[in-house]
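Under my numbering, the sequence shown is numbered contiguously, ending at residue 224. Each residue gets a CB set at the ideal place from its N, CA and C atoms; glycine is no exception. Keep in mind that this is a model prediction, so the values were computed, not measured.
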Amino acid sequence: LIVNIYIYILNILIGSYCTVFYASLFGAVTGSMVLDMEIKYDSEIKRNGSASGDY
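Have a look at this one:
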């Protein structure tokens, strides 16, 4: 019974760790993609003098 509880707790810990890891990984990838888009957009504004489409 104690071994079962230990395995159960271990599964929860590993599962939550994996969830946090994948969430942070996904957040980092998404954030860098958004940042890359913003940098490209800013450079386009600088090149054209004005943005195509008002924000």
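Pairwise C-alpha distance: Glu213 and Val189: 36 Å
So, at 8 Å on beta carbons, what are the nonlocal neighbours of Gly200 in its own chain, with the 5 sequence-adjacent residues on each side left out? none
Three-state secondary structure (DSSP) at Tyr224? Here the model assigns Tyr224 a pLDDT of 48, short of 50, so the residue's position is not dependable and the matter cannot be decided.
Quick one: what does DSSP say Leu170 is sitting in, helix, strand or coil? coil
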